[in-house]
Amino acid sequence: AKEDGRNTHRFFQADMGTAVNDRRELITDLRSAVANNELELFFQPQYALDDFRISGFEALVRWNHPRRGMVPPGDFIPIAEDTGLILQVGEWVLNEACRIAAGWPEDLRVAVNLSPRQLRGHAFGPVLVKALSDSGLRADRLELEVTETVLLTDSEEVLEALHQAKSLGVKVSMDDFGTGYSSLSYLRRFPFDKIKIDQSFVRSMAYSEDSISIVKAVIELAKNLDMTTTAEGVETRELLDMLTEIGCTDAQGYYLGRPMPLERVEELICNSQSS
Ligand code: C2E
Ligand code: CA
Ligand code: CA
Ligand code: CA
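Under this note's numbering, the first residue of the sequence shown carries the number 449, and numbering increases by one thereafter.
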């Protein structure tokens, strides 16, 4: 069929219009989401590979939108970052994660994801101190996960905020290790407690000898720097065995448990305590 160029153009504009309205609508809705109690935390278990016990949970935010249903973080965290709403969302996540984890057995930790913007300026220190004191959570049971993009921007302020967290006793992890441009140089600039090996490396260990070598080297490097390692995206028994054999500290992934609502976490904790 003969395509009408102008028509195509018109359709394209119509689509763009929808996308823009959609985004505006999401921004408006997100503004009230925190106040309206529409955000929820899911938790994904992490297992220690020396004894296969749960070592903690990563808190992953979900938005239970009244009309759209569950909106995944990938669809609203970037918008929250662009608009600055990430400060409110992030503070809610931190408070909620600390409050919930304070009710868990003492040997379980909670990991919280931070966006770069939360660490800029000088607001983060007080927010962190308040989250710990309000919840009563022991500082070393909280882990802050940051990607290297966090260190890419305004590094002095950000480094200061991370050092303050560490001085309180909070743990700091480098998330998605290996996916950025200069992960290694960041390891020198900040004393992370933990390296989270990105899913892409972990998954490719199933078919690539080179990937196995890279993950082994990262684990070795981490040991020498006195850091622990968590492998992300473990989807098979085979990968779990491999990671255990090469000395990875912890693992997380669908094979071990998907992100789950709090009720399921409590069941899981109950069952693993009694076994
Ligand atoms: P992330 O921090 O790398 O979190 C891990 C993501 O991988 C989660 O997606 C999790 O559900 C998924 N995942 C875990 N195990 C597996 C697996 O075995 N296979 C596969 N295919 N995927 C797995 P989710 O929950 O959609 O979160 C996506 C991203 O959104 C997170 O990536 C994180 O960057 C961001 N995010 C989530 N919650 C927060 C938050 O509270 N604050 C901020 N700033 N970012 C958040
Ligand atoms: Ca993470
Ligand atoms: Ca990650
Ligand atoms: Ca990621």
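Beta carbons are placed, not taken as given, at the ideal position from N, Cα and C, and that holds for glycine.
{"query": "CB contact flag (Arg510, Pro526, <9 Å)", "result": "no"}
{"query": "Pro707 versus Gly701 - alpha carbon distance", "result": "9 Å"}
{"query": "Residue burial classification, Thr713 (beta-carbon count within 10 angstroms, cutoff 16)", "result": "Looking at the sequence provided, one finds Val at residue 713 rather than Thr. When all chains shown are included, Val713 counts as buried."}
{"query": "Endpoints, the beta strand (DSSP E) within which Gly701 is located", "result": "It is not in any beta strand (DSSP E) - Gly701 carries neither H nor E in the DSSP assignment."}
{"query": "Cβ pair count under 8 Å reaching 3, the segment 684–701 against the segment 490–500", "result": "yes"}
{"query": "When Ser563, Met518, Leu556, Trp552 are compared against Gly532, the one with the closest alpha-carbon", "result": "Ser563"}
{"query": "Terminal residues of the beta strand (DSSP E) in which Trp540 lies", "result": "That residue, Trp540, is in no beta strand (DSSP E); its alpha helix (DSSP H) goes 534–549."}
{"query": "As assigned by DSSP and simplified to three states, the class of Cys718", "result": "helix"}
{"query": "heavy atom of ligand 1 below 8 Å from Phe625 C-beta", "result": "no"}
{"query": "Pro520 beta carbon near ligand 1 (any heavy atom closer than 8 Å)", "result": "yes"}
{"query": "Thr595 - DSSP class collapsed to helix/strand/coil", "result": "coil"}
{"query": "Same chain, Cβ closer than 6 Å to Ser503, five either side skipped, listed in chain order", "result": "Gln494, Ala496, Asp698"}
{"query": "Proximity below 9 Å, CB of Leu567 to CB of Ala609", "result": "yes"}
{"query": "Any 3 or more C-beta pairs closer than 8 Å across the segment 587–598 and the segment 668–675", "result": "no"}
{"query": "Straight-line Cα distance separating Glu473 from Ser621", "result": "34 Å"}
{"query": "First through last residue of the beta strand (DSSP E) which encompasses Val558", "result": "557–561"}
{"query": "Beta-carbon gap between Val606 and Val618 smaller than 9 Å", "result": "no"}
{"query": "CA-to-CA distance, Val577 to Gln721, given in whole angstroms", "result": "30 Å"}
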